[in-house]
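Residue numbers (my numbering): 92 to 360.
Below you can see the structure in the form of structure tokens.
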């Protein structure tokens, strides 16, 4: 399922979804939702004209999103399904409900510094944490997605174990796989043992993964993206770490930084 944000360039995220779908002969679900404006201000009255204009804008945005999606998938040779609707639900919840019909959610990452519009695009942190499916995040700058060289960012946690298992179909089809862990002082032996264990599991699925452990020298996310650049990775597979505070999810530091990178990231929670 590809999550489309009306008003944004959908070519990169749709291209990544098609590349994924072609590998597995998948039906491609295109989904776009817009949340109408709502205002709770005591006795304050919002002019009816404002709601009418918002409704017209939503209808226009959804028409444009559908046209762009259908144009982008014109060469896709498997079934395609489209749904674009107005939704009174917060968008992460709406997309999470749709994810029940999908194997994976593919979502675009806005360019750094662009203002977020919660009425047109789901908060990515909330989406990752609520989807109940792996989420493939595609930077807007990515126009050609490939999944041939993959880095598994290992850490001995539930989230990382879930991510590697969820990504197994992609890892089986990749040309090169590297399992790596960035370890803290005094943890090298534990890191090597963990990486070896994961590589052994992958080997039993026919994947000859390389192994690498690296001592932490800077922020883990910066070091990981440096490794990805050095390896020429198309994709980083990682667990998504977050905290629920007062009903809202916030991502851990490394996960948050991966969201703003220039590579596709496969996250599971």
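Ideal Cβ positions, reconstructed from N, Cα and C, are used throughout, including at glycine.
Query, Result
"Straight-line gap, residue 110 to residue 139 (C-alpha atoms, nearest Å)", "44 Å"
"Cβ-Cβ distance between residue 224 and residue 330 below 8 Å", "no"
"Rounded straight-line distance, which links the Cα of residue 179 to that of residue 313", "38 Å"
"Exposed unless 16 or more other CB atoms sit within 10 angstroms - verdict on residue 183", "buried"
"Secondary structure of residue 271, DSSP reduced to three states", "strand"
"Unbroken stretches of the beta strand (DSSP E), 3 residues or longer, contained in the stretch 184-240", "196-200, 226-230"
"Beta-carbon proximity list for residue 123, same chain, < 7 Å, skipping 5 on both sides", "95, 97, 153, 156, 175"
"Length of the line joining the Cα atoms of residue 185 and residue 221", "10 Å"
"Residue 202 versus 262, 358, 219, 101, residue with shortest Cα-Cα distance", "101"
"Span separating the alpha-carbon of residue 164 from that of residue 197", "14 Å"
"Bridge partners - residue 357, DSSP secondary structure assignment", "227, 328"
"Residue 107 and residue 233 closer than 8 Å at C-beta", "yes"
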